[in-house]
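K.L.:
Have a look at this one.
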Amino acid sequence: MDSQNTESNYPRSNESNTRGVGWPLISLAAMLWGSDTLLRPIVQKAGLSSSAIVLFEHIVLVLIFLPFLIRHYPEWKKLTLPQWGALAFLGMLGSGLATVLITQAYMSGSPYMAALLQKTQPIFTIILAGIFLKERRKPVFWLFYAGAIVATYLLAFGFSGVHDAFLSPKFSSVCYALGAAAIWGTCTVVGRAISNDVAPTALAGLRFAFAIPFLIGLFIWSGVGSVTFSFTTIVLPMALIILLPDALGMFLYYQGLKRTPASIATLAELAFPATALLIGFGFQGAKFDVGQWTGLILLLSCIHFIQSTKSVRTAASTPVASTV
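Just so it is clear: in the sequence shown, position 85 is 85 by the numbering used here, and no numbers are missing.
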């Protein structure tokens with residue numbers, strides 16, 4: 001999607017001056033998203049439905065980002081109709097449906113396994129980035145990309161097969177998690193296509209706002225659930241979810257995405273399942289085996305080499321993000 005905002009306040013720079021800054025911000029955002037596997041199940045155990053949890057957090061997030069929406073109004077009011085369509089996709093599907101799906105996956109199965117399944121995002125993003133964003137790849141990219149795919153498999157299952165996982169009675173959790181991964185992988189491409197024209201804070205606020213009508217409808221259909229209200233089981237964990245993985249995570253993500261090709265961004269996002277693995281190891285009784293350690297090391301190595309060899313190049317120069 002070509003930018004039509006010729007009055008953008010974002011100065012442009014050579015790709016070599018900007019591409020090394022973005023992916024660590026995306027990785028840090030993904031690490032914050034990984035903390036969700038520890039916090040969200042606490043709220044779910046209190047009885048709130050998935051739609052109620054996601055609707056409440058989006059209402060608060062819109063209020064948090066409202067000052068930035070007002071400040072950057074001259075930018076986002078110039079968006080074209082296709083760009084508004086992209087924002088609607090990011091909001092209703094990326095922030096709304098995908099978050100409900102991953103929340104439901106946590107509820108119906110293991111948060112640790114549901115988060116690890118987000119490693120499948122690159123499968124969707126790499127294909128779409130080449131088609132719609134015209135990102136060019138050197139041959140060496142595919143070598144490192146194949147290594148990253150192998151690494152994610154090892155990170156989830158070690159040296160064993162996956163047959164037992166897909167025959168599990170928690171198969172529905174796997175389906176929910178894979179659905180969220182497909183949507184978020186697509187959102188990486190869609191978000192990258194419009195991130196040049198709107199400040200990251202405004203883009204995040206618009207994304208949250210577009211999700212609310214969809215979530216209200218889903219909430220009316222599914223209800224609030226049977227709730228046991230308390231400060232420690234609802235108020236505190238919801239506050240942490242909203243502030244850390246939601247608000248700060250999304251802000252860092254769009255700051256980094258403005259400087260990073262989508263094909264690299266989706267690999268940096270694999271810090272999400274890596275963080276979930278660490279949380280599972282430290283708090284949920286999960287254990288690393290030799291295969292998972294191998295996968296983690298291989299994954300980080302592949303991300304580093306894809307970045308350092310500049311094996312993915314955008315079709316145009318990459319803009320530098322503005323200040324908040």
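The beta carbon of each residue, even a glycine, is placed where N, CA and C say it ideally should be. Given the structure is predicted, the values throughout are model-derived calculations rather than measurements.
Thinking C-beta only, is Ile303 closer than 9 Å to Ala262?
P.N.:
What you label residue 262 is simply residue 262 of the sequence shown in a count that begins at 1. What you label residue 303 is simply residue 303 of the sequence shown in a count that begins at 1. In this structure, Ile303 does not lie closer than 9 Å to Ala262 by Cβ.
K.L.:
Measuring only the C-alpha atoms, how far is Ala129 from Val62?
P.N.:
Here residue 129 corresponds to residue number 129 of the sequence shown, with the count starting at 1. Here residue 62 corresponds to residue number 62 of the sequence shown, with the count starting at 1. In a straight line, the C-alpha of Ala129 is about 29 Å away from that of Val62.
K.L.:
So, at 7 Å on beta carbons, what are the nonlocal neighbours of Gly147 in its own chain, with the 5 sequence-adjacent residues on each side left out?
P.N.:
Taking the sequence shown and counting its residues from 1, one reaches residue 147 at position 147. Counting only Cβ-Cβ distances below 7 Å, and skipping sequence neighbours, we find Leu298 and Cys302.
K.L.:
Does the beta-carbon distance from Leu218 to Ser95 come in below 9 Å?
P.N.:
Taking the first residue of the sequence shown as 1, we reach residue 218 at position 218. Taking the first residue of the sequence shown as 1, we reach residue 95 at position 95. Against a cut-off of 9 Å, the Cβ pair of Ser95 and Leu218 comes out as no contact.
K.L.:
Is the Cβ-Cβ distance between Gly22 and Thr260 less than 9 Å?
P.N.:
Taking the sequence shown and counting its residues from 1, one reaches residue 22 at position 22. Taking the sequence shown and counting its residues from 1, one reaches residue 260 at position 260. Contact flag set, yes.
K.L.:
Check this for me: beta carbons of Ala180 and Met31, under 9 Å apart or not?
P.N.:
For the purposes of this step, residue 180 is taken as residue 180 along the sequence shown, with counting starting at 1. For the purposes of this step, residue 31 is taken as residue 31 along the sequence shown, with counting starting at 1. Taking 9 Å as the Cβ cut-off, Ala180 and Met31 do not qualify as a contacting pair.
K.L.:
Which residues in the same chain have their Cβ closer than 8 Å to the Cβ of Leu178, if we skip the five residues on either side of it in sequence?
P.N.:
Translated into the one-based positions of the sequence shown, residue 178 becomes position 178. Closer than 8 Å at the Cβ level, and outside the excluded window around Leu178, lie Leu117 and Thr120.
K.L.:
Pick from Phe65, Arg192 and Ala239: whose alpha carbon is nearest that of Tyr253?
P.N.:
Position 253 of the sequence shown, counted from the first residue, corresponds to residue 253. That would be Arg192, whose Cα lies nearest to the Cα of Tyr253.
K.L.:
When the distance is taken between beta carbons, is Leu55 closer than 9 Å to Leu206?
P.N.:
Taking the first residue of the sequence shown as position 1, residue 206 is located at position 206. Taking the first residue of the sequence shown as position 1, residue 55 is located at position 55. Not closer than 9 Å, so no.
K.L.:
Within the chosen definition, does the segment 231 to 250 reach the segment 77 to 91 through at least 3 CB pairs nearer than 8 Å?
P.N.:
At 8 Å Cβ cutoff, the stretches do not touch.
K.L.:
Do you know how far the Cα of Ala98 is from the Cα of Trp142?
P.N.:
Position 142 of the sequence shown holds residue 142. Position 98 of the sequence shown holds residue 98. If you take the alpha carbons of Trp142 and Ala98, they lie about 28 Å apart.
K.L.:
Excluding the 5 residues preceding and the 5 following Ala29 in the sequence, name in chain order all residues of the same chain whose CB lies nearer than 6 Å to its CB.
P.N.:
On the sequence shown, residue 29 is found 29 positions in, with the first residue counted as 1. The residues are Gly249, Leu252 and Tyr253.
K.L.:
Would you kindly work out how many angstroms separate the C-alpha atoms of Gly25 and Val198, rounded to a whole number?
P.N.:
The residue labelled residue 25 in the question sits at position 25 within the sequence shown. The residue labelled residue 198 in the question sits at position 198 within the sequence shown. Looking at the sequence shown, residue 25 is not Gly but Leu. Distance between the alpha carbons of Leu25 and Val198 is about 18 Å.
K.L.:
Looking only at its chain, what residues have a beta carbon closer than 6 Å to the beta carbon of Thr275, apart from the 5 residues adjacent to it on each side?
P.N.:
Locating residue 275 in the sequence shown gives position 275, counting from the first residue. Closer than 6 Å at Cβ, skipping near neighbours: Met31 and Gly34.
K.L.:
Whose C-beta lies closer than 6 Å to the C-beta of Pro111 among residues of the same chain, with five residues either side of it excluded?
P.N.:
As a first step, residue 111 must be located in the sequence shown, where it is residue number 111. Closer than 6 Å at the Cβ level, and outside the excluded window around Pro111, lie Thr37 and Pro41.
K.L.:
DSSP on Val198, reduced to helix/strand/coil?
P.N.:
Position 198 of the sequence shown, counted from the first residue, corresponds to residue 198. The answer is coil: DSSP assigns Val198 none of H, G, I, E or B.
K.L.:
Compare the C-alpha of Gly256 against each of Pro200, Ile220 and Ile241 and name the closest.
P.N.:
Here residue 256 is taken as the residue at index 256 of the sequence shown, counted from 1. Closest by alpha carbon: Pro200.
K.L.:
I need the DSSP call for Phe272, collapsed to helix, strand or coil.
P.N.:
Position 272 of the sequence shown holds residue 272. Note: Phe272 maps to helix in three-state DSSP.
K.L.:
Count the other C-beta atoms from every protein chain shown that fall within 10 angstroms of the C-beta of Phe283, then say buried if there are 16 or more, exposed otherwise.
P.N.:
Stepping through the sequence shown from its first residue, residue 283 is reached at position 283. Exposed, by the Cβ-count rule.
K.L.:
Can you find the residues in the same chain that come closer than 7 Å, C-beta to C-beta, to Ser27, ignoring five residues on each side of it along the sequence?
P.N.:
For the purposes of this step, residue 27 is taken as residue 27 along the sequence shown, with counting starting at 1. Correct list, in chain order: Ala268 and Ala271.
K.L.:
For His72 and Val60, what's the separation of their Cα atoms in angstroms?
P.N.:
Your numbering for residue 72 matches position 72 in the sequence shown. Your numbering for residue 60 matches position 60 in the sequence shown. Approximately 19 Å, taken between the alpha carbons.
K.L.:
For Gly91, which residues of its own chain have a beta-carbon under 6 Å away from its beta-carbon, when the five flanking residues on both sides are left out?
P.N.:
Along the sequence shown, one-based indexing puts residue 91 at 91. Result list for Gly91: Arg207, Phe210 and Ala211, in chain order.
K.L.:
Residue range of the alpha helix (DSSP H) that Ile234 falls in?
P.N.:
Here the question's residue 234 lines up with position 234 in the sequence shown. That residue, Ile234, is in no alpha helix (DSSP H); it is neither H nor E in DSSP.
K.L.:
Please classify Pro213 as buried or exposed, where buried requires at least 16 neighbouring CB atoms within 10 angstroms.
P.N.:
Stepping through the sequence shown from its first residue, residue 213 is reached at position 213. Pro213 is exposed by the Cβ-count criterion.
K.L.:
Kindly indicate which three-state DSSP category Thr260 falls into: helix, strand or coil?
P.N.:
To locate residue 260, count along the sequence shown from 1; it is residue 260. The answer is coil: DSSP assigns Thr260 none of H, G, I, E or B.
K.L.:
So the alpha helix (DSSP H) Asn245 belongs to, where does it begin and stop?
P.N.:
Translated into positions along the sequence shown, residue 245 becomes position 245. Rather than Asn, the amino acid found at residue 245 in this sequence is Pro. Unbroken run through Pro245: none, as it is neither H nor E.
K.L.:
Mind checking which residues open and close the alpha helix (DSSP H) that includes Gln83?
P.N.:
For the purposes of this step, residue 83 is taken as the residue at position 83 of the sequence shown. Note, Gln83: alpha helix (DSSP H), Leu81 to Phe89.
K.L.:
Round the Cβ separation of Ala105 and Ser173 to the nearest angstrom and send it over; I've been treating them as touching at under 8 Å.
P.N.:
Residue mapping note: residue 105 aligns to position 105 of the sequence shown, counting from 1. Residue mapping note: residue 173 aligns to position 173 of the sequence shown, counting from 1. With a Cβ gap of about 5 Å, Ala105 and Ser173 count as contacting.
K.L.:
Under 9 Å, do Ala202 and Gly295 count as touching if we go by C-beta distance?
P.N.:
Reading the sequence shown from its first residue, position 202 is the one you call residue 202. Reading the sequence shown from its first residue, position 295 is the one you call residue 295. The answer is no: Cβ separation not under 9 Å.
K.L.:
Whole angstroms is fine: what's the gap from Asn196's alpha carbon to Lys258's?
P.N.:
Mapped onto the sequence shown, residue 196 falls at position 196. Mapped onto the sequence shown, residue 258 falls at position 258. Using only the alpha carbons, I get a separation of about 6 Å.
K.L.:
Closer than 7 Å by C-beta to Leu215: which residues in its own chain qualify, once you throw out the five before and the five after it? Chain order, please.
P.N.:
Residue numbering aside, residue 215 sits at position 215 when the sequence shown is read from its first letter. Excluding sequence neighbours, Leu215 sits near Ser51, Val54, Leu55, His58 and Gly96.
K.L.:
Quick one: does Trp142 have its CB under 9 Å from some CB of chain C?
P.N.:
Looking for chain C here will not work: only one protein chain is present.
K.L.:
What residues in its chain sit with their C-beta under 8 Å from that of Lys45, if we drop five residues either side in the sequence?
P.N.:
Translated into positions along the sequence shown, residue 45 becomes position 45. Only Thr233 meet the Cβ criterion.
K.L.:
Relative to the C-alpha of Phe159, which candidate in Gln292, Ile306 and Val189 has its C-alpha closest?
P.N.:
For the purposes of this step, residue 159 is taken as the residue at position 159 of the sequence shown. Among Gln292, Ile306 and Val189, the Cα nearest to that of Phe159 is on Gln292.
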